[in-house]
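Participant: I am attaching a structure below and will ask some questions about it afterwards.
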Amino acid sequence: MEKHLSERYDRGFYLRSTKACWQITVPDGDVIEVKVLDSRLQGDSNCETDYGSIHDGLTSSSTELKKWCGTEENFVVKTSGRFAVIFFTSNFDFLVYRGFHFECNIVTQSKSASSDSTISTRLLVIIGIGVVAGLIFLLVCWYCCCRAKPVQPIQVVAQPPPQNRVVNIVN
């Protein structure tokens, strides 16, 4: 768990015309949970003056998961992947607001989803190996058949017919 403060939060006010961002990356397979613990921003109905925003990715063009302003706090946002970016923007008004305080947690995805994909991957690898082995076998058979020596014709030699022998058995 990592705790973060917006610009000058600890001094009790943020500067006007502030633009800040925090890029967060966690290990592959995990997701990020962002919790805004305290928020004291200039507020308006559309959050157009001073605001914070959380995006599902590392850029401002990534999907925006949450935008807030004013005193909205104690909410949790979870990303769909291992990246998040949090933006803080203030306008040029000379008003005194504290800013916001948030924490980020790593959420480990369930092992079952991971193991299912591992099993699927292993199955595909085994099938692929089987197909390759089958093709190699067919090529070897084809090569052996095409390279085999031609069959020698059988020579038939005429032989005199067997003679009949008469055997008398006397008792």
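Just so we're aligned, residue 1 is where the sequence shown starts under the UniProt record's numbering, counting upward by one. Where is the CB? At the ideal position from N, CA and C, for every residue including glycine. Just so you know, these numbers come straight off a predicted model, no measurement behind them.
Using CA atoms only, rank isn't needed, just tell me which of L123, S90, T63 and A20 is closest to G70.
Facilitator: The count along the sequence shown starts at 1 and reaches residue 70 at position 70. It is S90.
Participant: Give me the DSSP bridge partner(s) of T63.
Facilitator: Residue 63 sits at position 63 when you count from the first residue of the sequence shown. Answer is D56.
Participant: Please return the same chain residues whose Cβ sits closer than 6 Å to the Cβ of K42, not counting the five positions on each side in sequence.
Facilitator: For this step, residue 42 is matched to residue 42 along the sequence shown. Checking the sequence shown, residue 42 turns out to be Gln, not Lys. Cβ within range, chain order: T49, D50, L95 and Y97.
Participant: To which residues of the same chain is residue 187 closer than 6 Å at the C-beta, ignoring the five residues directly before and after it?
Facilitator: Coverage of the chain is limited to positions 1 through 171, which leaves residue 187 absent and any answer about it impossible.
Participant: Would you decide whether I86 is buried or exposed? Buried here means 16 or more other CB atoms lie within 10 Å of its CB.
Facilitator: Here the question's residue 86 lines up with position 86 in the sequence shown. With 16 or more other Cβ atoms within 10 Å, it is buried.
Participant: My output table needs one value for F137: the three-state DSSP class, helix, strand or coil.
Facilitator: Start at 1 with the first residue of the sequence shown, and residue 137 comes out as number 137. DSSP places F137 in helix when its eight states are reduced to three.
Participant: Specify the secondary structure class of Y51 as computed by DSSP and reduced to three states.
Facilitator: Residue numbering aside, residue 51 sits at position 51 when the sequence shown is read from its first letter. Looking at Y51 - three-state DSSP - the assignment turns out to be strand.
Participant: Quick test of your reading: S45 and H55, contact by CB under 8 Å. State the CB separation rounded to the nearest angstrom.
Facilitator: Mapped onto the sequence shown, residue 45 falls at position 45. Mapped onto the sequence shown, residue 55 falls at position 55. About 22 Å; that fails the 8 Å criterion.
Participant: How about V77 and L65: do their beta carbons lie closer than 8 Å?
Facilitator: Sequence index remark: in the sequence shown, residue 77 carries index 77 (1-based). Sequence index remark: in the sequence shown, residue 65 carries index 65 (1-based). Contact flag set, yes.
Participant: So, at 7 Å on beta carbons, what are the nonlocal neighbours of D28 in its own chain, with the 5 sequence-adjacent residues on each side left out?
Facilitator: As a working mapping, residue 28 is identified with position 28 in the sequence shown. Contacts found: R82.
Participant: When you compare only the Cα positions, how much space is there between C104 and E72?
Facilitator: In the sequence shown, the residue the question calls residue 104 occupies position 104. In the sequence shown, the residue the question calls residue 72 occupies position 72. Each residue's alpha carbon lies about 17 Å from the other.
Participant: Might you give, ordered along the chain, the residues of its own chain that have their beta carbon closer than 8 Å to the beta carbon of D30, omitting 5 neighbours on each side?
Facilitator: Here residue 30 refers to the residue found at position 30 of the sequence shown. Closer than 8 Å at the Cβ level, and outside the excluded window around D30, lie R82, I106, V107, T108 and Q109.
Participant: So which of F100, S80 and N74 has the shortest CA-CA distance to C21?
Facilitator: The residue you call residue 21 lines up with position 21 of the sequence shown. When each option's Cα is compared against that of C21, the closest is F100.
Participant: Measure the C-alpha to C-alpha separation of V140 and G130 and round it to an integer number of angstroms.
Facilitator: As a working mapping, residue 140 is identified with position 140 in the sequence shown. As a working mapping, residue 130 is identified with position 130 in the sequence shown. Answer to the nearest angstrom: the Cα atoms are 15 Å apart.
Participant: Under 8 Å, do K67 and S53 count as touching if we go by C-beta distance?
Facilitator: If you number the sequence shown from 1, residue 67 lands on position 67. If you number the sequence shown from 1, residue 53 lands on position 53. Yes; because the gap between Cβ atoms is below 8 Å, this pair is in contact.
Participant: Report the partner residues of Q23 according to the DSSP bridge assignment.
Facilitator: Residue numbering aside, residue 23 sits at position 23 when the sequence shown is read from its first letter. Q23 is bridged to V85.
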